[in-house]
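FYI, in my numbering the residues of the sequence shown are 7 to 408.
See structure below.
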Amino acid sequence: MNKPKLWSKDFISVSLSNFFLFLTFYILLVTLPSYAMDELHSSSSVAGLMTTVFLLSAIVSRPLAGQWLESKGHKKVLLIALVLFAGASLLYFFPTSIIGFLVVRLVHGIGFGMATTAVGTIVADIIPVSRRGEGMGYFVMSTNMAMVIGPFVGLLAIQQWGSSILFILSVVVAVGSLLTGLSVGIKKPVKPAEKAISSSFSFRNLFEASAVPIALVGSFMAIVYSALLSFVSIYANQIHLANVASLFFVVYAIVLLLSRPFTGKWLDQYGPNVISFPCIALFAIGMLVLSQSTGAGTFLLSAGLIGLGWGTLFPTFQTIAIQDAEPRKRGLATATFLSIYDTGIALGSFIVGIIAVKMDYSTLYFFCSFYILIGMVLYYFLHTKKQRPADSVKEQTTLHDA
Numbered sequence: 007m008n009k010p011k012l013w014s015k016d017f018i019s020v021s022l023s024n025f026f027l028f029l030t031f032y033i034l035l036v037t038l039p040s041y042a043m044d045e046l047h048s049s050s051s052v053a054g055l056m057t058t059v060f061l062l063s064a065i066v067s068r069p070l071a072g073q074w075l076e077s078k079g080h081k082k083v084l085l086i087a088l089v090l091f092a093g094a095s096l097l098y099f100f101p102t103s104i105i106g107f108l109v110v111r112l113v114h115g116i117g118f119g120m121a122t123t124a125v126g127t128i129v130a131d132i133i134p135v136s137r138r139g140e141g142m143g144y145f146v147m148s149t150n151m152a153m154v155i156g157p158f159v160g161l162l163a164i165q166q167w168g169s170s171i172l173f174i175l176s177v178v179v180a181v182g183s184l185l186t187g188l189s190v191g192i193k194k195p196v197k198p199a200e201k202a203i204s205s206s207f208s209f210r211n212l213f214e215a216s217a218v219p220i221a222l223v224g225s226f227m228a229i230v231y232s233a234l235l236s237f238v239s240i241y242a243n244q245i246h247l248a249n250v251a252s253l254f255f256v257v258y259a260i261v262l263l264l265s266r267p268f269t270g271k272w273l274d275q276y277g278p279n280v281i282s283f284p285c286i287a288l289f290a291i292g293m294l295v296l297s298q299s300t301g302a303g304t305f306l307l308s309a310g311l312i313g314l315g316w317g318t319l320f321p322t323f324q325t326i327a328i329q330d331a332e333p334r335k336r337g338l339a340t341a342t343f344l345s346i347y348d349t350g351i352a353l354g355s356f357i358v359g360i361i362a363v364k365m366d367y368s369t370l371y372f373f374c375s376f377y378i379l380i381g382m383v384l385y386y387f388l389h390t391k392k393q394r395p396a397d398s399v400k401e402q403t404t405l406h407d408a
């Protein structure tokens with residue numbers, strides 16, 4: 007029996023649009039704080055608001071975008087979001103004060119939150135149901151590749167050519183996201199009945215309850231991931247591995263890319279538990295190896311283990327959030343999952359930063375490995391145990407019908 011096609015024009019286009027979205031995000035993420043301190047003469051704490059304001063505005067805008075996706079139509083919301091995102095990229099040329107820059111970051115974050123919610127919802131509709139785990143895995147790879155390429159390109163641009171070239175580059179990449187988004191065909195119109203259901207405004211309609219449990223698990227573990235994003239390069243300097251620090255996320259991405267054809271198919275064939283529990287264990291082992299690293303070999307081995315562990319968990323959790331929701335509520339489910347997940351990233355950077363003052367990074371990462379195992383327990387109670395009664399009912403229904 008032939009499998010339904012995964013690599014369609016629309017799937018490739020929406021994945022490229024997502025890649026350019028996150029490429030813009032990472033290009034600016036690593037450069038704007040230093041730009042704020044060097045060019046605008048702000049303090050490090052104020053410079054840190056460049057990221058905080060952006061993420062908070064994205065988090066707040068996502069639930070609204072999720073509701074609009076169901077009431078206004080996927081294509082319309084996607085295009086509005088991408089135009090807003092690209093337009094906000096043009097505004098970086100104009101502010102001359104830190105306040106002006108924070109306003110631009112606020113607007114840019116709104117566009118980013120709306121756009122990432124839209125592409126995450128649309129790709130769930132494009133991917134064949136029988137290949138959703140595999141497809142979501144490849145889709146999230148576009149984010150991971152941007153995470154590897156973005157910081158390198160951003161730092162090269164600002165160090166070699168200056169801030170003007172950096173901002174031009176961010177505009178070009180954002181326009182790339184818009185152009186690839188324009189080529190995505192949305193074949194499923196929103197039915198009038200569905201519009202009536204989702205258009206009534208209320209706080210409950212901003213969130214999809216079925217996505218909350220797995221989103222909480224993802225957010226819980228995202229705190230550890232934020233510790234990697236924020237401090238792994240500093241840790242590498244401390245253990246005299248600055249020369250290989252830039253390879254950490256390269257190895258992470260390579261291992262993830264090599265494993266993706268297998269892990270995605272296993273998710274579709276055997277269900278999320280077969281993937282999630284081993285990957286949580288690999289994530290914990292990777293953090294333990296990282297905490298004990300004294301040479302390049304163990305440092306990069308930890309990157310591979312973390313890439314295989316956390317890099318597989320994130321798309322798995324997002325797939326669960328989408329599958330547990332009704333088809334008409336996939337937009338809300340995507341928004342709910344990403345908002346709660348990003349809250350974990352935002353809080354994690356702040357919390358881990360405070361803890362890091364009290365202990366060295368080796369000790370911090372050592373305790374993170376045990377923290378992840380608590381996440382395994384959380385996953386069991388919030389997802390696995392919750393699913394069993396439903397599975398039992400299905401089995402009884404099948405036996406009765408037989």
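Glycine included, each C-beta is placed from N, C-alpha and C at the ideal position.
*Residue nearest to Ile86 in terms of C-alpha spacing, selected from Leu307, Ala71, Gly106 and Met43*: Ala71
*Heavy atom of the ligand GDP within 8 angstroms of Ser169 beta-carbon*: In the structure on display, the ligand GDP does not appear, and there are no ligands present to speak of.
*With 16 as the cutoff for other CB atoms within 10 Å, does Glu140 come out buried or exposed?*
buried
*Under three-state DSSP, which class holds Thr123?*
helix
*asked:* Using CA atoms only, rank isn't needed, just tell me which of Phe118, Pro278 and Phe305 is closest to Lys391.
replied: Pro278
*Write down every uninterrupted run of the beta strand (DSSP E) in the segment 302-384 whose length is 3 residues or greater and which is fully enclosed by it, in chain order.*
none
_I need the DSSP call for Val177, collapsed to helix, strand or coil._
helix
*Are Ala130 and Met147 touching if we call contact CB-CB under 9 angstroms?*
no
_Comparing C-alpha positions only, which one of Pro39, Met365 and Ser19 sits nearest to Val190?_
Ser19
*Taking the alpha-carbon positions, what's the Ser282 to Ser308 distance?*
18 angstroms
*Please state whether DSSP places Pro37 in a helix, a strand or coil.*
Strictly speaking, residue 37 in this sequence is Thr, with Pro absent from that position. Coil.
*Just checking my contact of Met153 with Val230 at CB under 8 angstroms: how many whole Å lie between their CB atoms?*
Not confirmed; about 16 angstroms, so no contact.
_Would the segment 349-357 count as touching the segment 318-335 if we require 3 or more Cβ pairs under 8 angstroms?_
no
_DSSP three-state label for Val113, please._
helix
*Kindly indicate the opening and closing residues of the alpha helix (DSSP H) around Leu263.*
Phe254 to Tyr276
*Run through DSSP, which three-state label would Leu70 get?*
helix
*Looking at the structure shown, is Phe213 part of a helix, part of a strand, or coil, going by DSSP?*
coil
*Whole-angstrom Cβ separation of Thr30 and Ala180, contact assumed at under 8 angstroms?*
5 angstroms
*In whole angstroms, what is the alpha-carbon distance linking Thr127 and Ser183?*
16 angstroms
*Comparing alpha-carbon positions, which option in Gly119, Arg111 and Ile346 lies nearest Ile220?*
Ile346
*asked:* Under DSSP, the alpha helix (DSSP H) around Arg138 begins and ends at which residues?
replied: Arg138 to Gln166
*Given Arg68, which residues of its chain have a CB within under 6 angstroms of its CB, disregarding the five upstream and five downstream residues?*
Gly119, Thr123, Ala341, Leu344 and Ser345
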